[in-house]
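Inspection log for the structure reproduced underneath, given as structure tokens.
Protein chains: 2
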Amino acid sequence: MNNPITEQAFLSQYNIHDFDVPLCTVDMTIFTVQDEQLKVLLVKRAQHPAMGQWALPGGFIDLENDTTIDDTAVRKLRQKTGVQTPYLEQVATVGNRLRDPRGWSLTVLYFALISSQGIELANDASSMEVVWMPYTKACDLSLAFDHHQLLEQSYQRLRSKVLYTSLPIHLMPTTFTLPRLQKTYEIILGAPLQKKSFRKRILDANIIEETGDKEPGVTRPAALYRAKAEHGLHVFPRTLEGVNCTP
Amino acid sequence: MNNPITEQAFLSQYNIHDFDVPLCTVDMTIFTVQDEQLKVLLVKRAQHPAMGQWALPGGFIDLENDTTIDDTAVRKLRQKTGVQTPYLEQVATVGNRLRDPRGWSLTVLYFALISSQGIELANDASSMEVVWMPYTKACDLSLAFDHHQLLEQSYQRLRSKVLYTSLPIHLMPTTFTLPRLQKTYEIILGAPLQKKSFRKRILDANIIEETGDKEPGVTRPAALYRAKAEHGLHVFPRTLEGVNCTP
DNA sequence: TGAATAGTGTCTGTGAGACAATATCGT
DNA sequence: ACGATATTGTCTCACAGACACTATTCA
Chain A
44 MNNPITEQAF LSQYNIHDFD VPLCTVDMTI FTVQDEQLKV LLVKRAQHPA MGQWALPGGF
104 IDLENDTTID DTAVRKLRQK TGVQTPYLEQ VATVGNRLRD PRGWSLTVLY FALISSQGIE
164 LANDASSMEV VWMPYTKACD LSLAFDHHQL LEQSYQRLRS KVLYTSLPIH LMPTTFTLPR
224 LQKTYEIILG APLQKKSFRK RILDANIIEE TGDKEPGVTR PAALYRAKAE HGLHVFPRTL
284 EGVNCTP
Chain B
44 MNNPITEQAF LSQYNIHDFD VPLCTVDMTI FTVQDEQLKV LLVKRAQHPA MGQWALPGGF
104 IDLENDTTID DTAVRKLRQK TGVQTPYLEQ VATVGNRLRD PRGWSLTVLY FALISSQGIE
164 LANDASSMEV VWMPYTKACD LSLAFDHHQL LEQSYQRLRS KVLYTSLPIH LMPTTFTLPR
224 LQKTYEIILG APLQKKSFRK RILDANIIEE TGDKEPGVTR PAALYRAKAE HGLHVFPRTL
284 EGVNCTP
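Structural data, given as structure tokens:
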């Protein structure tokens, strides 16, 4: 045995500052659909490094106050949007030597989906500006660090899950119509879907229910639905077909 | 502007040791199929903490030699198995205050799939023993840290992807028969599949090709196949049905 | 020839795609 | 009644499941 001391003794002399450790952060891709467009929340960084550049919101884990890494993500989201309970999903962790000028750095990437209804974007000391940026426009911008690649990864995850899950429900306000939900699918996929099969798919999944009301409008009013309690995420046994090209 | 210094000045005075940072590791779930069983590689830890306990192989990022976090995973895998180019996939990152007695800790969890053919398990200083443990048995053991939960997460990811991808091909030796591949699917899923539809599914996917040889045997010899170059991962448009219970 | 395993023929059911037809609103 | 949008009817096609049938090997 090469380690004759007790675990307690080992722990008492262990000091993480004796080791070279990577920088460790959480980055968020917060998506919403607004004005018939997929948008992503970007901040203009108020501090070094990459000061003045557009970036995904994110930051360090607060070892004092965050019990889990999901807490960090939730906290970041709340700071910018005030939203408490979004759909939140870990996308991937990207770590390498070059992505941050401060040194070997690792970031845990999340995406969140929220309805844009009644959201007030909020600055804090870390950002000069906070905006909903259309996804396509965000792709054209030069983003801080490797955030361009992170954004791309989040979108790919979002898009592929839209093909076989009920994810877009989390982008809707509490009540919504089936045509609006279909439109949301179409915006993310960048391709039209068939009305009939879309309705059947969603209704058969038994994840939404009619409120009984209709959406007022200039033409035939559509039935309003709400997500059933604890709908979480429905996984369909077949993917949407004919939608296999990235737009 | 609250930060009038230049980025260069900022970077020159930045020192990661001024901050509280989490412990940061990589853990591996290395799966193989052997003796008609799904097995996972476990090590008996030779060092504190959790010395003497069974654990998933893993360790710290080597900031000197690992350029990316995938490098760390590949290195860990090679240390234990000698395998160079397995199927490797990031499962999730688990970080919280309690999972490691040394403090706030974060681990990036990977799973790897390898054929058990011609693998020599290798000890190093960090482990007293390295074994292929049947998955069901590993679940019954008490594993170090939260490795029980990590193992469970990896298995769930593996199982769900087996339902709609060609993943198990990466568990096969370079040449294999369709009945063996089907058996591999069945072992992971814990349920039998229909011969006819399984064969059609795989062959239509156009990801394997006949070698022209037959596997010798006491009964009718089966045709040997190999994965086509650059097969990567095929995603089927439908999941396998009737296999929706976890065994 | 018979046991054992490999491989095929064929029917059913389900759900996505296509697209036409009908329903319901405001004006 | 008309334009616009919602909702439904119905046909086709691809593919997973079921299961019986045929093929090929060794002893």
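Note that the protein sequences, when read in sequence, are chains A and B.
Going by this note's numbering, the first residue of the first sequence is number 44, and it counts up by one from there.
Going by this note's numbering, the first residue of the second sequence is number 44, and it counts up by one from there.
Quick reminder that beta carbons are idealized off the backbone N, C-alpha and C, glycines included.
Are three or more beta carbon pairs between the segment 68-87 of chain A and the segment 116-129 of chain A nearer than 8 Å?
-> yes
Using three-state DSSP, classify residue 225 of chain A as helix, strand or coil.
-> helix
Would you mind sorting residue 187 of chain B into buried or exposed? The rule is 16 or more other CB atoms within 10 Å of its CB.
-> buried
Where the beta strand (DSSP E) through residue 270 of chain B begins and ends = 266-270
Unbroken alpha helix (DSSP H) run spanning residue 115 of chain A, endpoints | 112-124
List the endpoints of the continuous beta strand (DSSP E) containing residue 172 of chain A.
-> 170-177
Beta-carbon proximity of residue 106 of chain B to residue 92 of chain A, cut-off 8 Å = no
Proximal residues to residue 203 of chain B (C-beta, below 6 Å), its chain only, five neighbours per side dropped | none
Verify the CB distance criterion: does residue 53 of chain B have a CB-CB separation below 8 Å to chain A?
-> yes
Can residue 197 of chain A and residue 88 of chain A be called in contact, C-beta distance under 8 Å?
-> no
Within 10 angstroms of its Cβ, does residue 155 of chain B collect 16 or more other Cβ (buried), or is it exposed?
-> buried
Per-residue DSSP class, three states only, for residue 253 of chain A = strand
Residues of the segment 165-192 of chain A with a CB closer than 9 Å to any CB of chain B: list them in chain order, please.
-> 168, 171
State the Cα-Cα distance for the pair residue 125 of chain B and residue 140 of chain B, rounded to the nearest angstrom.
-> 33 Å
Might you give, ordered along the chain, the residues of its own chain that have their beta carbon closer than 6 Å to the beta carbon of residue 241 of chain B, omitting 5 neighbours on each side?
-> 225
Close beta carbons around residue 167 of chain B, own chain, < 7 Å, minus the five adjacent residues each side | 122
For residue 149 of chain A, I'd like the list of residues in its chain whose CB is within less than 6 Å of its CB, leaving aside the five on either flank, ordered along the chain.
-> 65, 67, 138
Counting contacts by CB-CB distance shorter than 8 Å, is residue 289 of chain A in contact with chain B?
-> Summary for residue 289 of chain A: the model assigns pLDDT 37, below 50, so the residue's position carries little reliability, and this model does not support an answer.
Kindly list the residues whose CB is nearer than 8 Å to the CB of residue 49 of chain B, restricted to its own chain and excluding five residues on each side of it in sequence; keep chain order.
-> none
Looking only at C-alpha atoms, which of A/147, A/86, A/128, A/51 sits nearest to residue 275 of chain A?
-> A/128
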